[in-house]
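Residue numbers (my numbering): 41 to 154.
As structure tokens, this is what we get:
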């Protein structure tokens with residue numbers, strides 16, 4: 041089969057055009073991927089910075105909560121001491137009531153039995 045120089049030139053030009061367009065598309069796609077990676081890295085760095093700031097704030101709040109919990113523990117201990125003292129006072133008061141009742145004797149009755 042015989043091809044003329046013009047047909048061969050057109051085929052070579054078309055092939056080189058396809059190679060150039062393919063290379064351009066490949067280069068453009070690679071550039072777009074690189075730009076997207078840079079943008080994702082920037083966005084990730086920004087989000088990480090925000091999360092770090094929020095984590096610091098949460099750590100401060102956690103420290104405050106720990107202080108409050110410690111204060112609550114102190115208050116609960118004081119309540120326990122007061123409860124113990126109240127129990128002791130109740131026992132002492134019962135003993136005092138019994139002692140006073142013994143000193144006073146039995147209560148006089150309004151109606152004497154026959």
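Backbone N, C-alpha and C fix where the C-beta goes; we use that ideal spot for every residue, glycine too.
In this structure, the alpha-carbon of residue 104 lies about 27 Å from that of residue 122. Rounded to whole angstroms, the gap between the alpha carbons of residue 134 and residue 116 is 27 Å. The alpha helix (DSSP H) runs lying completely inside the region 91–134 and spanning 4 residues or more number zero. Here DSSP, grouped into helix, strand and coil, assigns residue 142 to helix.
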